[in-house]
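In terms of the working numbering, the sequence shown is residues 6 to 102.
Every residue gets a Cβ at the ideal spot worked out from N, C-alpha and C, and that includes glycine.
Bear in mind that the values here come from a model prediction, so they are computed numbers and not experimental data.
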Amino acid sequence: MSIITNINKVFDHRIRLGIMSILMVNEYADFNTLKELLDVTDGNLASHTKALEKADYISVEKQFIGRKPNTRYATTKLGRAEFKKHIDALEKLINKE
Numbered sequence: 006m007s008i009i010t011n012i013n014k015v016f017d018h019r020i021r022l023g024i025m026s027i028l029m030v031n032e033y034a035d036f037n038t039l040k041e042l043l044d045v046t047d048g049n050l051a052s053h054t055k056a057l058e059k060a061d062y063i064s065v066e067k068q069f070i071g072r073k074p075n076t077r078y079a080t081t082k083l084g085r086a087e088f089k090k091h092i093d094a095l096e097k098l099i100n101k102e
């Protein structure tokens with residue numbers, strides 16, 4: 006088995022890695038929070054959240070707060086498991102275990 010076997014291509018981009026990192030330590034985060042923390046444009050964030058949603062690694066909940074739309078994201082069970090495998094694989098690669 007290769008040392009890069011469990012490195013997941015979906016998490017290859019720094020923005021997706023950032024999204025997942027934020028969501029792993031928070032129950033959820035809304036679009037504006039992710040945008041601010043990651044310092045990315047609306048379009049860039051939207052495309053990366055869409056890719057994670059398509060892989061079923063995050064869930065998306067759209068709601069209104071007052072009259073303003075609010076989109077919030079959370080990790081799925083699959084997303085948490087896959088991200089943990091990815092981080093473990095990176096640690097093994099760095100430590101060459």
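(Q) Looking at the strands, I want to know which residues DSSP matches up with PHE69. (A) PRO74
Practice task
My understanding is that ILE63 touches THR81, with C-beta atoms under 8 angstroms, so please give their C-beta distance in whole angstroms.
Solution key: 6 angstroms
Environment of PHE88 [buried if 16+ CB atoms lie within 10 Å]:
buried
Q. Using DSSP with H/G/I as helix, E/B as strand and the rest coil, what is ASP47?
A. helix
| task | Using only alpha-carbon positions, find the residue among ILE8, ALA34, VAL45 and ASN31 that is nearest to HIS18. | result | VAL45
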